[in-house]
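Here the structure comes first, spelled out in structure tokens, and everything after it is commentary.
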Amino acid sequence: RIVVRNDETKGENFDKIVSIYECSKFTRSNQNTCFNHRPIVEKGEKVKKGQVIADGPSTEMGELALGKNVTVAFMPWDGYNYEDSILVSERLVKDAVYTSVHVEEYEVLARDTKLGKEEITRDIPNVGEEALRNLDESGIIYLGADVNPGDILVGKITPKGETQLSPEEKLLRAIFGEKAGDVKDTSLCVPPGVKGKVIGAKVFIRRGLTKDDRTRLIEDEEIERLEKDRDDDMKIIHNVAREKVESILKGKNIIADLEKTGRVLVKSGVKVKKNLFKSVPISILVNVAVKDAVITEKAQVILESAQKQMKRAKEHFNRLVSRFEKGDDLPPGILKMIKISIAMERVLSVGDKMAGRHGNKGVVSRILRVEDLPYFEDGRPVDMVLNPLGVPSRMNVGQVLEIHLGHAAFGLGQRIDELLSEMKLDQLRQKVTQIFSMTEAQKANSRTDTMVQKIKKMSDDELVDFASFYKKGVHMATPVFDGASEEEIKKLIDIAGFEESGQSVLYDGRTGEAFDKKVTVGTMYM
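Counted from 1, the sequence shown has number 507 at position 507 by my numbering; the numbering is strictly sequential.
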């Protein structure tokens, strides 16, 4: 969660002094994908209205980020990219570049049947201790347990009517008496094809029924979280009220002691200064007085308003906690409902569909070893091989312009990295300035002008920090109808030190020989 203390509270109003933003952590979406927030602000940082404070599953630093930057070559490869098929490097699988997390939710109900009540328990007939190893005393699986198909998630027994007994059941009856025979195992198990980690367990119990240990534990954790919110809320209200009162009474002398249960916290006659009332509770601080009655009244109005807001925070907390004590409203006949969430990793595999930003979609046909892929003169292999026939007939030339611009962006990053490693700071400043003052269109843009001015004014250390951000490639953004022109892209490719055509000589990973013709290759967003 992110707690924000608002500055703009005029006068005595404490209604909107605190904003608490809850971050969703590994939450299941309605498509079973994983939704996770990552804060991108730091404690003590100033934030303003409309600013992004946390990244979601498809953004990075507040900008839309749905894919990955990978090195792509447009060339046929033994027919494996025929008809929009995609050839993928094993590195992308090994480094989990396209690995995603999916969350599945499974539900089990304990009903009140004609033959008796179903029971959620660890005590299941004919089940060995090995199968029950991940269940707690209440019969519900622990959080963090690794599960495979067939593992028990929630233990459940259901009463059964009189039926013809099998020899094993007759033996069990003879040994254990009636109990073992009159119930059957109806536990919730992991379905076939599902393998992952348990990340959530929710228990809902009908009103009026006794709660088990696991339910109490889940409730205690939730109440602890609410307590933290309440305490932070009250702490910020207290601090803001104290600071306002200290600024109003600054330099004035207090005319009466501030006491708490006989102990003097602030003596009479003391001159008010910053942090004087730091350890004084609001309930005591309300009695503060100075000679000037108008100023005293002003301070008391602020403190009373703060007290009211604190009272509201407590009432809100009590309201939320009382919900847990009441129990849950479940449909008729259902005594208990348990939901278990399992997180699974899905790795990129043959048959998966991939797409770029220009309607260029295809299916993964083969995952190749890194050694077999085409590679550059410096030995760097490509990550993906696409079919060149996917461009002309469909006329989505955007992908060609993108690959050239991506090629230039990556090359510029390499040049910056080289200058950084050799610490040639004058050349580095020159190169970075050249990149940012590139085109006439950009020169008309005041933001770029200020960027160039900033780079010129930077100290050497600041320049190194700034340039380090672009080591893996310079960030590019082009508007839809006012994108980078062909000349601009060529100029960037030239600055990056590549051939103006944007094509490179590639070598066959299997034979080590160069391909007949130069190949269009570069960084693309897939």
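The C-beta atom is built at its ideal place from N, Cα and C for all residues, glycine as well.
Contact annotation: the stretch 196-216 touches the stretch 339-356, with at least three C-beta pairs closer than 8 Å. Counting along the chain, the unbroken beta strand (DSSP E) around D112 starts and ends at 100-113. Take V93, set aside five residues on each side of it, and the residues of its chain with a beta-carbon closer than 7 Å to its own are V347, L348, I367, in chain order. Our two residues, G509 and R380, have alpha carbons roughly 11 Å apart in a direct line. Given a length threshold of 4 residues, each whole run of the alpha helix (DSSP H) inside the stretch 282-362 is given here in chain order: 282-285, 293-326.
Taking 8 Å as the cut-off, the beta carbon of L401 is found no closer than this to the beta carbon of I493.
When Cβ pairs closer than 8 Å are counted between the two stretches, the stretch 153-161 is seen to touch the stretch 183-190, the count reaching three or more. The distance from the Cβ of M337 to that of F466 is about 55 Å, inconsistent with a contact at the 8 Å cut-off.
Distance check between E42 and each of K311, G50, A54 places A54 closest, using alpha-carbon atoms only.
Here L171 is exposed, its C-beta having fewer than 16 other C-beta atoms within 10 Å. S437 has no beta-bridge partner at all, per DSSP. As for any beta strand (DSSP E) of minimum length 3 sitting wholly inside the stretch 242-287, the runs are 258-260, 263-266, ordered along the chain.
By alpha-carbon distance to D231, the top candidate from G208, K291, R312, T210 is R312. According to DSSP, C189 shares a beta bridge with I152. DSSP places S89 in the uninterrupted beta strand (DSSP E) bounded by 85-89.
Secondary structure note for S19: it is in no alpha helix (DSSP H), and the uninterrupted beta strand (DSSP E) holding it is 18-21.
Distance from the CA of V264 to the CA of A256, rounded to the nearest whole angstrom, comes to 10 Å.
Within the stretch 23-73, no run of beta strand (DSSP E) reaches 3 residues while sitting entirely inside it.
Around N275, the same chain offers E246 as residues with beta carbons nearer than 8 Å, after the five sequence neighbours per side are excluded. Of the residues L419, M526, V391, M310, the one whose Cα lies closest to the Cα of G406 is M526.
Going by beta carbons, S138 and R207 fall outside the 8 Å limit.
Beta-bridge pairing by DSSP links D146 to K197.
In the DSSP secondary-structure assignment, A514 is bridged to Y507. Under the 8 Å Cβ criterion, the stretch 227-242 does not count as touching the stretch 354-363, having fewer than three qualifying pairs. At the C-beta level, K278 and R319 stay beyond 8 Å of one another. For I495, the uninterrupted alpha helix (DSSP H) run begins and ends at 486-496, by DSSP. Check the Cα spacing between S89 and each of K260, V127, V72, E325: the tightest is with V72.
Annotation for D7: no residue places its beta carbon closer than 8 Å to its own, counting only its chain and skipping 5 residues before and after.
Taking the CA atoms as reference points, P388 sits about 6 Å from M75. Here P392 carries a coil assignment [DSSP, helix/strand/coil].
Between V464 and L420, the gap from beta carbon to beta carbon is short of 8 Å. Measuring C-alpha to C-alpha distances from N81 to each of K491, K117, V363, D182 identifies V363 as the nearest. Residue range 2-5 is occupied by the beta strand (DSSP E) that includes V3. Around the CB of S365, 16 or more other CB atoms lie within 10 Å, so the residue is classed as buried.
Residue pairing of V183 in beta bridges, as defined by DSSP: P159. Under the three-state reduction of DSSP, F204 is assigned to strand.
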